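Chemist:
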Amino acid sequence: MGGENFYMLTKYFGPAVIKKLGKLKIKTVRDLLYHFPSRYDDFSNFTPISEIKPRAQLSARGVILNAKNTRIFRRNMVLTEIIVEDDTGAIKSVWFNQPYLINQFKPGRLINLSGKVVINKGRFCFSNPAYEIVGYREVERKKESLHTGRLVPVYPQTTGLTSRWLRFAIKPMLKFANQLPDVIPDEIRKIYRLPNLIHALSQIHFPGKIEDAELARKRFAFEELFVLQLFTSLERLKLRQKTAPVIKFDEVAVKKFVESLPYKLTDDQKKVSWQIIKDIEGPKPMNRLLEGDVGSGKTIVAVMAAYLTALNGCQTAFMAPTEILSRQHFEKISFLLKNFDISVGLLTSGEARVDCNPIREPMASNGARKISKKEFLKKVENSEVPIVIGTHSLIQKNVVFKNLALIVIDEQHRFGVNQRAAIADHHKESIPHLLSMSATPIPRTLGLTIWGDLDLSLIKEMPKGRIGIITKIVPPEKRNWAYEFIKDEIKKGRQAFVVCPLIEESEKLSKKSPEGIEIKAAKKEYERLKTDVFPRLKIGLLHGRMKAKEKEKIMSEFLNKDLNILVTTSVVEVGIDVPNATVMMIEGADRFGLASLYQFRGRVGRSEYQSYCLLLTDSTLASVNERLKAIESAQNGFDLAERDLEIRGPGDFTGVRQSGLPDLAMASLTDLKLIEETREAAKIILNADPNLKKYPSLASRLSEFKNRIHLE
1 MGGENFYMLT KYFGPAVIKK LGKLKIKTVR DLLYHFPSRY DDFSNFTPIS EIKPRAQLSA
61 RGVILNAKNT RIFRRNMVLT EIIVEDDTGA IKSVWFNQPY LINQFKPGRL INLSGKVVIN
121 KGRFCFSNPA YEIVGYREVE RKKESLHTGR LVPVYPQTTG LTSRWLRFAI KPMLKFANQL
181 PDVIPDEIRK IYRLPNLIHA LSQIHFPGKI EDAELARKRF AFEELFVLQL FTSLERLKLR
241 QKTAPVIKFD EVAVKKFVES LPYKLTDDQK KVSWQIIKDI EGPKPMNRLL EGDVGSGKTI
301 VAVMAAYLTA LNGCQTAFMA PTEILSRQHF EKISFLLKNF DISVGLLTSG EARVDCNPIR
361 EPMASNGARK ISKKEFLKKV ENSEVPIVIG THSLIQKNVV FKNLALIVID EQHRFGVNQR
421 AAIADHHKES IPHLLSMSAT PIPRTLGLTI WGDLDLSLIK EMPKGRIGII TKIVPPEKRN
481 WAYEFIKDEI KKGRQAFVVC PLIEESEKLS KKSPEGIEIK AAKKEYERLK TDVFPRLKIG
541 LLHGRMKAKE KEKIMSEFLN KDLNILVTTS VVEVGIDVPN ATVMMIEGAD RFGLASLYQF
601 RGRVGRSEYQ SYCLLLTDST LASVNERLKA IESAQNGFDL AERDLEIRGP GDFTGVRQSG
661 LPDLAMASLT DLKLIEETRE AAKIILNADP NLKKYPSLAS RLSEFKNRIH LE
């Protein structure tokens with residue numbers, strides 16, 4: 001009795017509870033049973049009352065001697081107190097502002113207490129413990145404990161739905177587990193020694209021992225990753241059944257292009273260029289992810305592919321996440337192709353431009369001429385513009401390519417599957433080749449899962465002669481030194497970024513860290529720097545809540561040297577090239593993952609000037625300093641990404657939190673062995689039955705998965 005509407009919870013709970021469950025995305029019995037604990041409190045070992053000592057996790061059992069509520073008027077509080085006794089002694093337990101508990105705490109009842117023991121007025125006392133009435137006097141009920149005296153599940157919760165309530169709700173629903181389909185085929189469960197669904201659900205919610213819970217968690221992580229691996233494998237199979245334009249390799253023309261470049265290609269650039277050339281000269285659609293650090297030369301590789309595509313009489317769509325980045329790509333690509341008879345166009349929401357190639361027509365003063373969008377679209381439709389650069393504007397219905405053969409997407413994690421598909425929507429018979437590019441270093445385990453349908457090319461080698469960025473951790477006592485350093489760089493004619501973790505103090509991170517340290521908010525810091533620290537300098541503010549036109553204006557001003565300092569949030573992580581910027585100062589550096597810090601650092605060091613990255617932190621934690629020292633010495637983003645994945649988990653990688661993956665699967669993205677097992681399991685099933693006709697439950701889950709996942 002599986003399926004999307006399996007036992008809607010409206011059968012069991014009222015409207016108020018249903019609304020609260022909805023906040024946890026729980027609508028069906030299946031959803032509730034798949035709402036897994038985030039951790040377990042170990043209350044399994046009972047301690048005689050006479051042997052109790054203050055500590056966080058402790059359980060005791062005894063008879064209630066007396067109970068009372070006391071109102072403390074000066075603190076506007078009600079204190080509920082009971083005295084519990086066993087054969088060895090007695091102990092007090094208190095609860096705050098829960099006066100209704102007195103109705104359960106009747107003298108003579110047998111009670112379990114689990115939780116924290118503190119010293120109160122010189123005596124040991126349970127403080128706000130979990131409790132459970134388990135009998136009367138010495139007559140214990142034959143009923144399984146849910147909240148005490150065992151491994152107690154602690155769930156992700158919401159206002160009005162506590163873990164205690166969820167335990168009460170989930171326990172009786174386990175009787176429906178045998179009506180849920182087990183999507184892992186029997187043969188796969190046997191190969192990888194996984195428990196069946198009924199046993200796994202029982203043990204993940206109410207395990208007898210921690211090993212049982214861990215095995216159940218592994219089983220469900222396997223299930224979600226297995227479905228994801230099937231999804232990506234089927235996408236690959238589907239793609240192989242399509243055809244794509246054949247882009248013939250012209251060795252003479254490519255050599256001419258390479259010789260025209262302002263510097264020599266690195267070995268990595270040559271290697272990945274050849275991989276792409278071999279892909280696009282075949283009749284099957286390329287689906288490749290090109291990864292490389294900021295400044296590693298990914299764009300030149302993409303331009304070479306676009307150049308070859310144009311020589312074959314076909315078109316390339318080159319997409320970037322922002323208008324200003326699209327403009328920079330347009331100017332760079334026009335420059336790289338200035339000696340070749342290939343027209344390059346730019347289309348954004350605000351403008352349309354075509355480069356004025358000197359071979360065809362006189363150069364305009366700005367190197368390109370603006371035309372009306374109507375004229376531009378006509379040129380694209382007539383294949384007069386072989387390379388078209390733009391933002392999401394390229395996937396509008398009115399943009400029609402005559403013979404689109406290659407799609408290049410810069411910062412691929414910013415574009416979802418649906419967006420990637422939309423641009424190729426007009427090409428049913430022949431699918432364009434796809435080259436995605438990303439400067440976000442992605443660890444191998446993420447590459448094997450989130451982007452498992454893409455072939456992977458890596459550029460690890462940086463262009464020769466590039467000056468390394470000097471990175472320094474700046475403690476609180478050296479903050480003024482950092483400000484003076486920025487002033488010195490600006491006197492030399494340079495510019496600086498200042499990155500803050502928040503936009504405003506009211507945001508979710510709160511303005512204090514766990515150590516009680518204030519976290520810098522961009523708006524407040526902008527005002528402080530402008531007024532108190534750099535009153536004579538021109539400072540701009542950039543953040544994600546600004547309108548697109550405001551962002552474009554500020555970024556353009558910074559790029560054109562009208563601003564000395566740009567105060568910004570992580571919105572600058574994927575952004576513009578500002579060759580004149582030589583300082584990247586990151587406030588609250590400990591609040592960012594290593595991958596993000598590496599990305600920020602890559603915003604400077606884009607020219608012949610020595611550049612610097614200053615990591616400001618008020619934290620004194622050894623683990624924080626260890627993490628920041630890793631970025632201080634790191635020269636390779638890929639190794640750093642692996643380290644970041646170990647430290648922070650995959651949820652903090654750009655886009656991964658929005659991937660549609662359940663938390664349990666996401667937590668397992670660091671487990672290479674499990675990922676490889678699920679890949680192998682997917683191969684076994686698809687080799688035996690590529691249409692999943694023998695596995696209707698698995699096919700149904702896959703369909704559900706496709707509807708919810710957004711691989712961005």
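Be aware that the sequence shown starts at 1, since it is given in this note's numbering, and climbs by one per residue.
From the three backbone atoms N, C-alpha and C, an ideal C-beta is built for every residue, glycine too.
These numbers come from a predicted model, not from an experiment.
Indicate the three-state DSSP secondary structure (helix, strand or coil) for G544 in the structure shown.
Modeler: coil
Chemist: Report buried or exposed for L9, applying the criterion of at least 16 other Cβ atoms within 10 angstroms of its Cβ.
Modeler: buried
Chemist: Exposed or buried, what is I191 when buried is set at 16 or more other beta-carbons lying within 10 Å of its beta-carbon?
Modeler: exposed
Chemist: Run through the region 551–608 for me and flag every whole beta strand (DSSP E) of 3 or more residues, listed as ranges in chain order.
Modeler: 565–568, 581–586
Chemist: Specify the secondary structure class of L456 as computed by DSSP and reduced to three states.
Modeler: strand
Chemist: Can you check which of these residues, F534, K549, G593, is closest to L566 by C-alpha distance?
Modeler: For L566, the nearest C-alpha among the options comes from F534.
Chemist: Give the C-beta separation of L346 and I389 to the nearest angstrom, bearing in mind that I take them to be a contact with Cβ-Cβ under 8 Å.
Modeler: 5 Å
Chemist: Mapping the DSSP letters down to three states, classify Q495 as helix, strand or coil.
Modeler: strand
Chemist: In the DSSP assignment, the alpha helix (DSSP H) including Q275 goes from what residue to what residue?
Modeler: Start and end: 267–280.
Chemist: Kindly indicate which three-state DSSP category V474 falls into: helix, strand or coil?
Modeler: strand
Chemist: On the DSSP bridge assignment, give the partners of D41 in chain order.
Modeler: According to DSSP, D41 bridges with V152.
Chemist: Short of 6 Å in beta carbon distance, which residues of its chain neighbour K538, apart from the five on each side in sequence? Order them along the chain.
Modeler: L563, N564
Chemist: Specify the secondary structure class of E81 as computed by DSSP and reduced to three states.
Modeler: strand
Chemist: Name, in chain order, the residues that DSSP records as bridge partners for H433.
Modeler: L406
Chemist: Does the beta-carbon of A60 have 16 or more other beta-carbons within 10 angstroms, so that it is buried, or is it exposed?
Modeler: buried
Chemist: According to DSSP, D713 sits in a beta bridge with which residue or residues?
Modeler: A question about residue 713 goes unanswered here, because the residues of the chain that appear run from 1 up to 712.
Chemist: Return the first residue and the last residue of the alpha helix (DSSP H) that G22 is part of.
Modeler: 15–23
Chemist: The beta strand (DSSP E) that contains A317, what's its start and end?
Modeler: 315–319
Chemist: Any idea what DSSP makes of S202, helix, strand or coil?
Modeler: The answer is helix: DSSP assigns S202 an H, G or I state.
Chemist: Spatial neighbours of R219 within its chain, please: CB distance less than 7 Å, with the 5 preceding and 5 following residues excluded, ordered by chain position.
Modeler: L194, P195, A200
Chemist: Do the region 73–93 and the region 119–132 meet, that is, are 3 or more Cβ pairs less than 8 Å apart?
Modeler: yes
Chemist: Give me whichever residues DSSP pairs with R217 in a beta bridge.
Modeler: Partner(s): none; R217 has no beta bridge.
Chemist: Tell me the DSSP secondary structure of V258 in three-state form.
Modeler: helix
Chemist: On the three-state DSSP scale, how would you describe G660?
Modeler: Per-residue confidence for G660 stands at a pLDDT of 45, beneath the threshold of 50, marking its modelled position as unreliable; no derived number is given.
Chemist: Looking at A306: is its Cβ nearer than 7 Å to the Cβ of I276?
Modeler: no
Chemist: Between the Cα of P156 and those of H35, P262, N178, E235, spot the shortest distance and give me the residue it belongs to.
Modeler: H35
Chemist: Got a sec, what are the start and stop residues for the beta strand (DSSP E) P129 sits in?
Modeler: 123–136
Chemist: Please return the same chain residues whose Cβ sits closer than 7 Å to the Cβ of V118, not counting the five positions on each side in sequence.
Modeler: Annotation for V118: P54, C125, S127 place their beta carbon closer than 7 Å to its own, counting only its chain and skipping 5 residues before and after.
Chemist: Indicate whether T569 and A630 have their beta-carbon atoms separated by less than 7 Å.
Modeler: no
Chemist: Would you report the Cα separation of K27 and I470, rounded to the nearest angstrom?
Modeler: One Cα belongs to K27, the other to I470, and the distance between them is close to 52 Å.
Chemist: Below 6 Å, is the gap between the Cβ of I188 and the nearest heavy atom of the ligand COA?
Modeler: With respect to the ligand COA, the structure shown offers nothing to examine, as it has no ligands at all.
Chemist: Please state the DSSP three-state secondary structure of M462.
Modeler: coil
Chemist: Taking Cβ to Cβ, would you say G62 is nearer than 7 Å to E85?
Modeler: yes
Chemist: Sorted by chain position, which residues of the same chain lie with C-beta nearer than 6 Å to E587's C-beta, five sequence neighbours on each side aside?
Modeler: C500, K520, L616
Chemist: In the DSSP assignment, find the unbroken beta strand (DSSP E) run with T70 in it and report its ends.
Modeler: 58–72
Chemist: Given a threshold of 16 other Cβ atoms within 10 Å of its Cβ, counted over all protein chains shown, does M77 qualify as buried or as exposed?
Modeler: It is exposed - the Cβ of M77 has fewer than 16 other Cβ atoms within 10 Å.
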